[in-house]
Amino acid sequence: MLKDFKIGNSILKIEVADGFFSRLRGLMGKKNLPQGHGLLLSPCNSVHMLFMRFPIDVVYIDKNFVVKKIVRDLKTWTGVSICFGAWSAIELAAGESARLNLKIGDKIFQPISSAET
Numbered sequence: 635m636l637k638d639f640k641i642g643n644s645i646l647k648i649e650v651a652d653g654f655f656s657r658l659r660g661l662m663g664k665k666n667l668p669q670g671h672g673l674l675l676s677p678c679n680s681v682h683m684l685f686m687r688f689p690i691d692v693v694y695i696d697k698n699f700v701v702k703k704i705v706r707d708l709k710t711w712t713g714v715s716i717c718f719g720a721w722s723a724i725e726l727a728a729g730e731s732a733r734l735n736l737k738i739g740d741k742i743f744q745p746i747s748s749a750e751t
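Okay, structure coming up:
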């Protein structure tokens, strides 16, 4: 299921992965991630890029949905990142965090509506 999250003036369609297997699978096997879409891994404070087909941006957030760290253009197969103290990570297509003008300290507003996938 996709949920709408508000970031600045933009609405993102975010899939929530909050179970063991959905977090383990993540974006592995996907060919791309469209602009305006993402994956929220919760709980999560680190990301690896093994078996990934495309680079991503990772936005780490705390329990209040405040951005703690942004990792841009994490490369396939070799990329790894961690953010101690993060509650969750939002994976976006590479370049999305810049397009959205995301900065540390920004607030990502919790789901405002839901849509069927």
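Each residue of the sequence shown is one higher than the last, beginning at 635 in the working numbering. We put the CB at the ideal spot given by N, CA and C, even for glycine.
Query: Touch check for the segment 722-742 and the segment 687-704: three-plus C-beta pairs under 8 Å?; Result: yes
Query: Can you have a look at S731 and say buried or exposed, based on whether 16 or more other CB atoms are within 10 angstroms of its CB?; Result: buried
Query: When you compare each of K741, L674 and I742 to R657 by their alpha carbons, which one comes out closest?; Result: L674
Query: Within the 8 Å Cβ cut-off, does L736 reach chain B?; Result: Here chain B cannot be found, since the structure has a single protein chain.
Query: Starting from the C-beta of G642, find all residues in its chain whose C-beta is less than 7 Å away, skip the five residues before and the five after it, and write them out in chain order.; Result: L734 and N735
Query: Check whether the Cβ atoms of K727 and I704 sit closer than 8 Å, and answer yes or no.; Result: According to the sequence shown, residue 727 is Ala rather than Lys. No, they are not a contact pair.
Query: Can you list, in chain order, the residues of its chain with a C-beta nearer than 6 Å to that of P740? Leave out the 5 residues immediately preceding and following it.; Result: Here residue 740 is Asp; the residue named in the question, Pro, does not match the sequence. V701, listed in sequence order.
Query: Distance check for S644 and S676, CA to CA, integer angstroms please.; Result: 22 Å
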